[in-house]
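These notes concern the structure reproduced below.
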Amino acid sequence: MTVSLRTRLTLFFVAIVVLPVTAVTILGWRAVARSSDRQVRSELEHSRRSAMLVFAGQVEQAADVVRALAGDPALQRAMAARDRARLQAILARWDATELLVAVTGPDGRVLARAGRTEPSFLAGVVPPAPVRRLRCPGASTGAPRPPIGGAEAPREPRGAPRIWPMPLVDPRPS
């Protein structure tokens with residue numbers, strides 16, 4: 002069987018031009034995709050590190066507030082009496098503007114709160130549905146969790162109100 006000149010030229014054209022161009026195109030797309038992926042990962046890592054630094058600063062600020070509040074005799078008396086008005090007045094004097102500081106009862110109900118109670122969002126970000134009420138971590142499961150401050154913060158007797166500072170991260174540049 003003889004192959005015509007036209008068929009041979011077509012096969013050579015496909016083998017010499019079409020297949021290499023297709024292979025180079027596929028390899029080029031893969032290289033661009035890898036480069037783009039590396040760039041996105043790098044930007045995400047930078048953003049994650051920045052957010053972690055902001056969060057770590059706010060956690061440190063929260064620990065300082067808890068230590069200071071835990072040493073306040075007036076706050077301790079108000080917590081023992083579960084006097085909401087006195088608790089609110091005491092928390093209001095503390096300048097924890099970047100934190101939400103909440104004193105909760107043993108059942109998880111908020112007795113008093115102060116500080117930033119409304120989170121802020123970047124333009125175009127739809128805020129989530131409002132939280133119906135603030136509960137201390139572990140209140141729904143019954144698992145005891147100490148307030149931020151760890152071993153340096155004094156331990157409350159079982160069933161005593163607790164102080165829960167909560168950092169709210171604002172992604173907007175200062």
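Straight run, no breaks: the sequence shown in my numbering ends on number 175.
All residues carry an ideal CB built from backbone N, CA and C; glycine is no exception.
Can the beta-carbon of residue i be found less than 8 angstroms from the beta-carbon of residue j?
{"i": "Leu100", "j": "Arg117", "result": "yes"}
{"i": "Arg83", "j": "Leu112", "result": "yes"}
{"i": "Ala79", "j": "Leu70", "result": "no"}
{"i": "Trp30", "j": "Val66", "result": "no"}
Give me the residue from the options with the minimum Cα distance to residue i.
{"i": "Ala103", "options": "Ser36, Val18, Ala63 and Ala52", "result": "Ala63"}
Just the Cα atoms here: how many angstroms apart are residue i and residue j?
{"i": "Gln77", "j": "Arg110", "result": "17 angstroms"}
{"i": "Ser36", "j": "Ser51", "result": "23 angstroms"}
{"i": "Val4", "j": "Val25", "result": "30 angstroms"}
{"i": "Asp38", "j": "Val15", "result": "33 angstroms"}
{"i": "Ser48", "j": "Ala34", "result": "21 angstroms"}
{"i": "Leu54", "j": "Glu46", "result": "12 angstroms"}
{"i": "Arg75", "j": "Val127", "result": "This sequence places Ala at residue 75; Arg is not what is there. One C-alpha to the other measures close to 41 angstroms."}
{"i": "Asp108", "j": "Arg42", "result": "43 angstroms"}
{"i": "Thr8", "j": "Ala32", "result": "35 angstroms"}
{"i": "Gly58", "j": "Glu119", "result": "19 angstroms"}
{"i": "Leu28", "j": "Pro21", "result": "10 angstroms"}
Under three-state DSSP, which class holds residue i?
{"i": "Ala124", "result": "coil"}
{"i": "Arg114", "result": "strand"}
{"i": "Trp41", "result": "In the sequence as displayed, the identity of residue 41 is Val instead of Trp. Three-state DSSP puts Val41 in a helix."}
{"i": "Thr11", "result": "helix"}
{"i": "Thr105", "result": "strand"}
{"i": "Val19", "result": "helix"}
Among the residues of its own chain, which have a CB less than 8 angstroms from the CB of residue i, if the five just before and after it don't count?
{"i": "Glu85", "result": "Reading off the sequence shown, one finds Arg at residue 85, where the question assumed Glu. Around Arg85: Leu112 and Ala113."}
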